[in-house]
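One structure is given here, and the rest of the page talks about it.
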Amino acid sequence: QIQIGNYSCGLQKENRQLQQASLRLEQENDNLAHKLIASKVALRRDLDKAEDTVGELTKDLVQTRQQLQATEYEKRGKEEEAAMLKEVFRREMEKAEQKLKRSSGIIADYKQICSQLTNRLERQQAAHREEMDSLKSAIKACSHCQHTRISEQGREEKAEGSRMEEQKRREQEKEVLRAQIRELEQGLVQTKLQMVETTCKIQDLEHQKGILADDLQEAKNSWISKTFTSLRTSSGGLHMLQPQEVHI
1 QIQIGNYSCG LQKENRQLQQ ASLRLEQEND NLAHKLIASK VALRRDLDKA
51 EDTVGELTKD LVQTRQQLQA TEYEKRGKEE EAAMLKEVFR REMEKAEQKL
101 KRSSGIIADY KQICSQLTNR LERQQAAHRE EMDSLKSAIK ACSHCQHTRI
151 SEQGREEKAE GSRMEEQKRR EQEKEVLRAQ IRELEQGLVQ TKLQMVETTC
201 KIQDLEHQKG ILADDLQEAK NSWISKTFTS LRTSSGGLHM LQPQEVHI
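At position 165 of the sequence shown the residue is numbered 165 (the UniProt record's numbering), and the sequence of numbers has no breaks.
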């Protein structure tokens, strides 16, 4: 009986130990289950956050593509406008150069004509003065011609009036030529101003095209950097929150 009692006490003790071990294992299983559930909840939350991030990135991608398309379209428009202006400027330059050559030739011809008219008028005036001086000397020396001096003076006055009219007419012609020369020179100045304005506009378009190209590249770099940063952040969070294997 003593042995049976000892054996019974041993069984009870072993049973209590087994019960305690069972309780401890159940507690550990409960703790592991809670940790697993918490890890799954955190993982689900991070997955939802990652999906939201992907959605935002997709939306940003669509907007960026639209902006890039609009910027590229505007850039092409500026390039086409610049090319068109360059072609117009080239044609206008050719026309201006041809007009400049013609105008320069016309101005040179007008100046030569004015110089020739001036020289001819001066020669005629000098010859006329010499002729009048010779005629006056001859009349003074001839007694027979003294009585005709009065009528000769009238003719001289009339001839002098004709010469004055001729000189006035020539001066008017010279003034007309000078006015034409001034008009041609003003036209050349206007043409040069238009050439300068066209050149400035082309340079401005080239500057705008450079700015658009820089903005386009900056938008691409910004979106790529933002995408890589978001993906790297999401991948790091998911890797840290992966549940470990539970052994029971």
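For each residue, glycine too, the CB sits at the ideal point set by N, CA and C.
Values in this document were obtained by computation on a predicted structure and should not be read as measured data.
contact_flag[the segment 168-182, the segment 111-130] where n(CB pairs < 8 Å) is 3 or more: yes
Glutamine 208 and lysine 75 closer than 7 Å at C-beta: no
Straight-line gap, residue 255 to alanine 96 (C-alpha atoms, nearest Å): The chain is shown only over 1 to 248; residue 255 falls outside these bounds and no answer can be derived.
Through-space distance from glutamine 203 to aspartate 46, alpha-carbon basis: 53 Å
Rounded separation between glutamate 122 and leucine 100 - CA only: 32 Å
Inter-residue Cα distance where the pair is glutamate 81 and glutamate 218: 24 Å
CA-to-CA distance, valine 176 to isoleucine 150, given in whole angstroms: At isoleucine 150, the pLDDT of 49 sits below 50, so the modelled position is not reliable and the matter cannot be decided from this model.
Pairwise C-alpha distance: leucine 36 and arginine 16: 29 Å
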